[in-house]
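Letter by letter, the sequence shown follows residues 9 to 287 in my numbering. Using N, Cα and C, we set each Cβ at its ideal position, and we do this for glycine too. This report refers to the structure that appears directly beneath it.
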Amino acid sequence: MKGRITIICENTVSFKGGVGEHGFAAYLETERGNYLFDTGRGEGLVQNLMKFDKDPLAIQKIILSHGHHDHSGGLASILELLGEVEILAHPDLFLARYHISQKDEKEVRRFVGMKFQRAYLESLGGKFILEGKFRKVTTDMFLTGEVPRQTPFEKGDPKLFAEIEGKLISDPLLDDQSLILESSQGLVLLLGCAHAGMINTLEHAMGKTGKDRVYAIMGGTHLDFASPQQVEETVAALKKYKVEHIGVSHCTGLKAASRFVAEFGARFFFGQVGETLVF
Ligand SMILES: [Fe+2]
Ligand SMILES: [Fe+2]
């Protein structure tokens, strides 16, 4: 498959302009049509699509990496434009989710789940196709499904919780999934937040496709909230797998991104709003 990925929502902007927000979305133009992966938090999606000449009406399907508000918050605004469209995601998409931290010995609880009711989104035309298994989106394009947690160093974020069967528990984030594209130069992996772990996701993508050449990884990695040890082990694994281009951003954070720049040099690019990858 040939195509182009353009970052539409991201925390930062470059000289190219657009609006920054804490969130992630990417627009895919491929031989098999155009797709929207994630929708940001809802502040810049439509504005940035217009800014970068990406036709919202050409979107064939919407794919959601997980239910967090900073990836699902633009759903209503895009559905208002698009009307009927399929939305591919995991069955846990609508779980109530919280970020819980301590400040001055007090608990600070922030709702970070999907901010829309399913029925509302359906009334706008959203047709949810929820599935937890690896699946084909179109020829040469796949969704990982649930990613097995296998590496010893990818621990998940202890501040993330979900309400499951009436109880608030550490969020397993089983809905976290990524998009895999098979190009002639190798796999292209598009991450939302990679809550399952960047390397777990990469290894799962390689295992499912049977391909071990990796052209690019883009998207959020959640390494901003990981230990220095996890960042180091991640760098080592990316070197081992000879990933050609690393275009991460969003919840990667500047510390981990700087580490990647130092290690990978020109193979790293900062996936800001308007940044593109042609494959
Ligand atoms: Fe995120
Ligand atoms: Fe997330």
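Worksheet item: Which residues are close to ligand 1, meaning CB closer than 6 Å to any heavy atom, in chain order?
Response: 32, 76, 78, 79, 201, 228, 258, 259
Fill in: Opposing strand residues paired with residue 114 [DSSP bridges]
111
Fill in: Those residues which DSSP pairs with residue 17 across a bridge
33
Worksheet item: In terms of alpha-carbon separation, which member of 249, 62, 87 lies closest to residue 223?
Response: 249
Worksheet item: How should residue 111 be labelled, buried or exposed, when 16 other C-beta atoms within 10 angstroms of its C-beta is the threshold for buried?
Response: exposed
Discussion item. Measuring only the C-alpha atoms, how far is residue 43 from residue 98?
Written reply: 17 Å
Worksheet item: Just the Cα atoms here: how many angstroms apart are residue 218 and residue 22?
Response: 36 Å
Fill in: Helix, strand or coil at residue 22 [DSSP, three-state]
coil
Fill in: Secondary structure of residue 130, DSSP reduced to three states
helix
Worksheet item: Which residues in the same chain as residue 286 place their Cβ atom closer than 6 Å to its Cβ, once the five residues preceding and following it in sequence are excluded?
Response: 12
Item to complete: Would you list the one or two residues that DSSP bridges to residue 42?
Response: 37, 67
Worksheet entry | When 87, 70, 124 are compared against residue 33, the one with the closest alpha-carbon | 70
Worksheet entry | Spatial neighbours of residue 155 in its chain, beta-carbon cut-off 7 Å, leaving aside the 5 residues before and after | 184, 185, 204, 208, 209, 212
Worksheet entry | DSSP beta-bridge partners of residue 276 | 254
Worksheet item: Grouping DSSP H, G and I as helix and E and B as strand, with all else coil, what is residue 263?
Response: helix
Discussion item. Looking at residue 46: is its Cβ nearer than 7 Å to the Cβ of residue 73?
Written reply: yes
Item to complete: Go to residue 191, then tell me how far its beta strand (DSSP E) extends in each direction, as first and last residue.
Response: 187-191
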